[in-house]
Amino acid sequence: MAGKQKPSPELPKGEPQTMGALLARAPSSIRGWKKGEVLTGKITAIFPKSLFVDIGGKTDGVILGRELEAVKDYAKTLKVGDKVEVVVGEPETESGQVLINLRKSAQNYAWNFYNEKLKNGAEVEVQGRELNRGGLIVDAPHHLQGFIPSSQIGTMWQGKLEALINRPLKAKVIEVSRSENRLVFSEKQVSQAKEISAQKAALKKIRLQETYGGTIIQVLPYGLLVSCQIPGAEQGVEGLVHISEIAWEKVEDINQLYKAGEKVKVLALEVNEGRLQLSLKRLLPDPWEKVEKKYPADTHFKGKVTKLTPYGALVEIEPGIEGLLHISKIPPTEKIDVGTEISCFVETVDRPNRRISLGLVLKAKPIGYK
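When we follow this note's numbering, the leftmost residue of the sequence shown carries the number 14, and every step to the right adds one.
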């Protein structure tokens, strides 16, 4: 006769009854982590190829290889004992390590670094990466990319910007926006510091709404950089004629109208944050001033379609003046394309808002056309 199985001894009251309960009772030092979890820890050791952080686990978290390389500029600022914010990358490797990264902390440090540089006007060394239509993209310390607009590159480099690629440059921060991932530098503020100081003094002599003679320094995609001669100033003052201030009509390609070295007359509009804004078109008659007399209601003319929109077609009446032919005025059978010359008539003129409503002259008026 088989004997009865000996009952298991009962655990004392209050002791964990299951493995889950036992783990729950375990000290926090052996708790596990989740990928992506954000932790605060203390640096315990720094080596050339690794960095260890006490994150309150059974072993220290470690930053290795590419993760350490990606934050090397930030890592150089750290020392043993510093508190840092880390993100768990791999909760546990085969060797039992917890892999973490400092990317979040490094990003915070980087943007704070550039905000401080912007405040104190300190120089930063960047390296040219590639050119685009507006200027030079650069690699900046702390693994951020920045941008130097063409207008912020010194005259010694104008016409040979290709030489700046892969070249270290001294520059100053002029704009920082973390939300827009925007970091803008000026090389000119370093290489032409004396000239810029003299320009600031000359800017104080500028009289707004006065006309000045100037020379075009550079033709940019968005306007003209002009050096103006200011009476009583030691040197010329650079200002920008924005593309919208070049002519009353829309300008498609500035290079077809102006070249560097040309002499021009410009009107001083405003000085905004140390930048002089100029105008060419405001020295010319405004075609809208006499538009009501020149184009009263029912005036017939032939105009060129300059743009098609969801609500109709813009038609050039003369350079600087366009009217809207509303889509409701275009019969379905009428084919209109950009560049097409069409016969129109003026319906209404709203000079204060610079709007003209047009009608289409048809050989035969379709049924239902208004």
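C-beta: ideal position from N, C-alpha, C; glycine also.
Looking from the CA of residue 192, the closest CA among 321, 124 and 359 belongs to 124. The alpha carbon of residue 178 has as its nearest neighbour, out of 113, 149 and 46, the alpha carbon of 149. Ranked by Cα distance from residue 359, the first of 337, 111 and 344 is 337. Taking C-beta atoms as the reference points, residue 195 and residue 140 fail to come closer than 8 Å. Around the beta carbon of residue 115, 16 or more other beta carbons sit within 10 angstroms, so the residue counts as buried. Residue burial annotation: residue 342 is buried, with at least 16 other C-beta atoms found within 10 angstroms of its C-beta. If you compare the alpha carbons of 295, 171, 328 and 99 with that of residue 222, the shortest gap goes to 295.
In the structure shown, residue 185 falls within a strand segment according to DSSP collapsed to helix, strand and coil. Beta-carbon to beta-carbon, residue 208 and residue 197 are separated by about 20 Å, too far to satisfy the 8 Å threshold.
Cβ contact annotation for residue 158 (same chain, cutoff 8 Å, sequence separation greater than five): 142, 150, 151, 152 and 196, in chain order.
Annotation: the stretch 84–172 contains the following complete segments of the alpha helix (DSSP H) (minimum length 4 residues), in chain order: 85–88 and 116–133. With 16 or more neighbouring CB atoms inside 10 Å of its own CB, residue 362 falls in the buried class. In this structure, the straight-line span from the alpha carbon of residue 206 to that of residue 332 is close to 42 Å. Cβ contact annotation for residue 68 (same chain, cutoff 6 Å, sequence separation greater than five): 52, 54 and 74, in chain order.
Spanning the alpha carbons of residue 248 and residue 255 requires a straight line of approximately 22 Å. Segment contact: the stretch 264–271 against the stretch 209–217, fewer than three CB-CB distances shorter than 8 Å; contact not assigned. Selection 47, 313 and 91 evaluated against residue 57 yields 91 as nearest (Cα-Cα). When rounded, the separation of the alpha-carbon atoms in residue 154 and residue 86 is 7 Å.
Separation of residue 364 and residue 224 (C-alpha to C-alpha, rounded to the nearest whole angstrom) is 26 Å.
DSSP places residue 351 outside both helix and strand once states are collapsed to three, so it counts as coil. A Cβ-Cβ separation of about 40 Å leaves residue 243 out of contact with residue 308 under the 8 Å criterion. Under the three-state reduction of DSSP, residue 226 is assigned to strand. Two segments are said to touch when three or more pairs of C-beta atoms, one from each, lie closer than 8 Å; by this definition the stretch 346–358 does not touch the stretch 297–307. Counting along the chain, residue 305 sits inside the alpha helix (DSSP H) bounded by residues 304–307. Rounded to whole angstroms, the separation of the alpha carbons of residue 227 and residue 258 is 15 Å. Going by DSSP, residue 76 is part of the beta strand (DSSP E) stretching over 74–77. By the neighbour-count criterion, in which a residue is buried when 16 or more other Cβ atoms sit within 10 angstroms of its Cβ, residue 292 is buried. The Cβ atoms of residue 46 and residue 104 sit closer than 8 Å to each other. Counting along the chain, the unbroken beta strand (DSSP E) around residue 369 starts and ends at 368–373. Per DSSP, the unbroken beta strand (DSSP E) holding residue 329 starts and ends at 325–331. Excluding sequence positions up to five before and after residue 98, its CB lies within less than 7 Å of the CB of 51, 53, 117 and 118, all in the same chain and listed in chain order. If you ignore the 5 residues before and after residue 203, its C-beta comes within less than 7 Å of the C-beta of 136, 183, 184 and 185, all in its own chain and listed in chain order.
Exclusion of the five residues before and after residue 245 leaves 218 as the residues of its chain whose Cβ lies within less than 6 Å of its Cβ.
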